[in-house]
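Enquirer:
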Amino acid sequence: MTLEAATSRLRHSPDPRVRCYSSRFADLMEMRAAAPVVAAYLDRHEGWFRRCAAPMSVRQLGDNGYALTLGRFGNFGFEVEPTIGLELLPQRRGIYDIVTVPVAATTPGSGAGQTELKLEELYDVEFNASLELGENTHELCTEVRWQLDLSVWIRLPGVINLLPESLVQSSGEHLLRQIVRQISRRLTWKVQEDFHASHGLECPPRKRAQF
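Quick note on the numbering used here: the sequence shown kicks off at 2 and runs consecutively.
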C-alpha cells in the first residue's frame, strides 16, 4: 500500500478515533531588495530551505520536494512525530506555492520501513502554503506575504472517546495552533534573516505575527 493510499484512506475514515485538527497562519516578511532579487533567492530553494528549516530534519525528494520532520507533538498523552512531503512549485508571476506530496515508504523488511508504515496509519497531513511578492514602489523593499493552511488527521487511542467531544477537539486545535505558530513563525524569521545575510543587507526588526 502506498503512502498516498494510506493517507487518503485515513482522512476519509469513519473510525471515531480519527480526529482532524486544522489551523491557518499568515505573516509578512520585509525584504530590503527589489522583487527580482528576492525572486532569484526564492527560486534557489535547494539552499535556503534546508538552512531555514533546521533544526527540523530535511530529506530531498526529487528536484523540488523535501521530506520534513515537524517534531514530536501529542494530545492527552498520545504522541506522534509526523514527517510530511512538501513540493516547492516554480513561481507563477511572483507567487510561490508549497503543497503536500506523498513520501515514499522505506523498502519493506527493514526496521525503519516497518516503523514508517506503522506511522502512516496513525496520521495524515495536508499542507498548503503560498508566498506572494509585492514590491514597495516608495522604497527598495519587497513584501512577501506568507499564508499556510494546515490540517492534521490523527488516529487517537480508543480511550479518548470517553472524554467530552468538545474537550478533545478544542485541546487538539489549541495544540496545533501552537505548533503552527512555532514552526511557521520561526521559519519566516529564518528565511528573512538568511536572505539579508546572504546579500550583505541589514535585516529589518522582527514584527509580531499576523495571526
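Backbone N, C-alpha and C fix where the C-beta goes; we use that ideal spot for every residue, glycine too.
Does the region 121-133 come into contact with the region 142-154, if we say contact requires no fewer than three beta-carbon pairs (one atom in each stretch) closer than 8 Å?
Expert: Output reads yes: the region 142-154 touches the region 121-133.
Enquirer: Report yes if the CB atom of residue 132 is closer than 8 Å to the CB atom of residue 143, and no otherwise.
Expert: Taking the sequence shown and counting its residues from 1, one reaches residue 132 at position 131. Taking the sequence shown and counting its residues from 1, one reaches residue 143 at position 142. Contact: no.
Enquirer: Just to confirm my understanding: we take residue 35, look at its own chain, exclude 5 residues before and 5 after, and list those with CB closer than 8 Å. What are they?
Expert: Here residue 35 refers to the residue found at position 34 of the sequence shown. Taken in chain order, the residues that qualify are 136, 141, 143.
Enquirer: What residue range is occupied by the uninterrupted beta strand (DSSP E) comprising residue 127?
Expert: Locating residue 127 in the sequence shown gives position 126, counting from the first residue. Segment 124-137, the beta strand (DSSP E) holding residue 127.
Enquirer: Nearest by alpha-carbon distance to residue 37: which of 174, 145, 186, 164 is it?
Expert: Sequence index remark: in the sequence shown, residue 37 carries index 36 (1-based). Of 174, 145, 186, 164, the residue nearest in Cα terms is 145.
Enquirer: In chain order, what residues of the same chain lie with their CB nearer than 6 Å to the CB of residue 156, ignoring the 5 residues before and after it?
Expert: For the purposes of this step, residue 156 is identified with residue 155 of the sequence shown, where counting begins at 1. Here residue 156 has 18, 19, 123 as same chain residues with Cβ atoms under 6 Å from its own Cβ, once five neighbours each way along the sequence are excluded.
Enquirer: Quick check: what's the CA-CA separation for residue 61 versus residue 68?
Expert: Numbered from 1 along the sequence shown, position 60 holds the residue referred to as residue 61. Numbered from 1 along the sequence shown, position 67 holds the residue referred to as residue 68. Cα to Cα, the separation comes out at about 6 Å.
Enquirer: Just to confirm before moving on: does the CB-CB distance between residue 90 and residue 100 stay below 8 Å?
Expert: Here residue 90 is taken as the residue at index 89 of the sequence shown, counted from 1. Here residue 100 is taken as the residue at index 99 of the sequence shown, counted from 1. Contact flag set, yes.
Enquirer: Considering only the beta carbon of each residue, do residue 184 and residue 71 sit closer than 8 Å?
Expert: On the sequence shown, position 183 is the one that residue 184 refers to. On the sequence shown, position 70 is the one that residue 71 refers to. Yes, they are a contact pair.
Enquirer: Excluding five sequence neighbours on each side, which residues of the same chain lie with their C-beta closer than 6 Å to the C-beta of residue 25?
Expert: Walking along the sequence shown from the start, residue 25 turns up at place 24. Within the same chain, and ignoring the five residues on either side of residue 25 in sequence, the residues whose Cβ sits closer than 6 Å to its Cβ are 150.
Enquirer: I'd like the list of long-range same chain contacts for residue 82, defined as Cβ closer than 7 Å, with 5 residues on each side in sequence excluded.
Expert: Here the question's residue 82 lines up with position 81 in the sequence shown. Counting only Cβ-Cβ distances below 7 Å, and skipping sequence neighbours, we find 70, 72, 73.
Enquirer: Let me check one thing: in DSSP terms, what residues is residue 29 bridge-paired to?
Expert: Position 28 of the sequence shown, counting from 1, holds the residue named residue 29. 146.
Enquirer: Suppose contacts are defined by Cβ-Cβ distances below 8 Å. Is residue 57 in contact with residue 196 by that definition?
Expert: Translated into the one-based positions of the sequence shown, residue 57 becomes position 56. Translated into the one-based positions of the sequence shown, residue 196 becomes position 195. Against a cut-off of 8 Å, the Cβ pair of residue 196 and residue 57 comes out as no contact.
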